[in-house]
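Residue numbers (the numbering used here): 38 to 338.
Data block below; observations after.
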């Protein structure tokens with residue numbers, strides 16, 4: 038098939054790779070414009086942009102698809118379908134209607150649960166037992182289109198947003214290749230019940246509240262790992278906690294109950310496994326404590 042691909046982050050690259058490997062022709066890749074980053078604030082292409090260019094695929098990076106000129110460019114490609122994965126721009130109706138078989142989206146949740154910007158993080162933070170990927174036909178609403186194929190995956194206690202992201206990226210890529218074998222399949226309407234929205238993660242959410250149950254604290258930490266990273270203050274230093282485990286111990290919420298980075302919560306406790314002090318690299322607990330000992334009785338706040 039002749040495809041248009043629209044995507045931006047690493048999550049989308051795996052689907053683009055799978056489409057190329059399956060023999061599809063990528064007429065053009067659309068991605069968000071390069072952003073300034075690093076100390077020199079140099080413009081850097083997005084992961085999809087960089088990968089597509091390395092494959093010899095034409096790349097477009099418009100700031101919007103609302104202009105008639107941009108919509109005409111999409112139509113002139115005469116694509117069989119468009120594949121959209123975490124692109125980050127709204128697709129006007131003219132763009133949705135341009136490809137012969139329409140536009141298909143890889144969404145990292147079991148729709149209609151967790152429509153919106155941050156489904157992977159929200160599923161972990163909410164303590165969901167499972168999540169997955171939904172391939173849907175796109176329409177004008179926010180993640181409201183008919184579901185063509187669904188794949189599920191269990192959320193294990195040790196999973197972080199990073200590890201779940203990678204598992205779902207692989208799952209979504211495989212499902213999209215399957216869907217394009219029969220692109221005329223319309224799909225199933227999403228249920229009217231069970232709708233939730235995965236709002237964008239705000240940095241203000243990252244402060245850890247130990248007055249919650251230990252499982253909730255673990256889910257909060259893992260759902261925000263590695264970015265933006267849930268944090269607390271230890272001996273006045275701001276420290277991101279990237280992984281932890283629940284321990285069946287008790288104490289005053291927010292207080293370290295030993296010298297091995299175990300903090301009491303409202304019920305039970307969490308022991309930190311990997312951490313990152315401000316301005317430092319990621320460390321395991323043993324390495325962290327070697328340079329920054331934390332005594333029992335210290336308060337994390």
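Ideal Cβ placement from N, Cα and C applies to all residues, glycine included.
Cβ-Cβ distance between residue i and residue j below 8 Å
i, j, result
"residue 231", "residue 149", "yes"
"residue 196", "residue 161", "yes"
"residue 186", "residue 227", "no"
"residue 210", "residue 52", "yes"
"residue 367", "residue 92", "There is no way to answer for residue 367, as the model of the chain reaches only from 38 to 338."
"residue 125", "residue 173", "no"
"residue 249", "residue 163", "no"
"residue 64", "residue 39", "yes"
"residue 11", "residue 95", "What is shown of the chain runs 38 to 338, which leaves residue 11 out entirely."
"residue 247", "residue 291", "yes"
"residue 61", "residue 217", "yes"
"residue 305", "residue 251", "yes"
"residue 43", "residue 143", "no"
"residue 71", "residue 80", "yes"
Rounded distance between the beta-carbons of residue j and residue i, thought under 8 Å
i, j, result
"residue 102", "residue 129", "6 Å"
"residue 140", "residue 118", "7 Å"
"residue 295", "residue 333", "5 Å"
"residue 175", "residue 201", "That belief does not hold up - the Cβ atoms of residue 175 and residue 201 are roughly 23 Å apart, past 8 Å."
"residue 233", "residue 280", "Their Cβ separation, rounded to whole angstroms, is 26 Å, which puts residue 233 and residue 280 out of contact at 8 Å."
"residue 156", "residue 235", "4 Å"
"residue 308", "residue 284", "5 Å"
"residue 270", "residue 298", "Not quite, the Cβ-Cβ distance comes to about 14 Å (not below 8 Å), so this is no contact."
"residue 288", "residue 267", "Rounded, the Cβ-Cβ distance is 20 Å, inconsistent with contact."
"residue 108", "residue 89", "Not quite, the Cβ-Cβ distance comes to about 21 Å (not below 8 Å), so this is no contact."
"residue 138", "residue 262", "In fact, because the Cβ distance is near 38 Å, the residues do not count as touching under 8 Å."
"residue 152", "residue 179", "6 Å"
"residue 335", "residue 293", "5 Å"
"residue 275", "residue 315", "5 Å"
Under the three-state DSSP convention, the category residue i falls into
i, result
"residue 227", "coil"
"residue 253", "helix"
"residue 308", "strand"
"residue 190", "strand"
"residue 207", "helix"
"residue 282", "strand"
"residue 41", "strand"
"residue 277", "strand"
"residue 332", "coil"
"residue 247", "coil"
"residue 299", "strand"
"residue 293", "strand"
"residue 270", "strand"
Kindly confirm or deny that the segment 197-214 and the segment 161-176 touch, where touching means at least three C-beta pairs closer than 8 Å.
yes
Would you be able to state if there are at least three C-beta pairs under 8 Å between the segment 235-243 and the segment 79-95?
no
Any alpha helix (DSSP H) of 4 or more consecutive residues that is wholly inside the segment 47-119
47-58, 84-91 and 105-113
Mind pulling the alpha helix (DSSP H) runs of 4 or more residues that sit fully within the segment 122-210?
130-134 and 156-162
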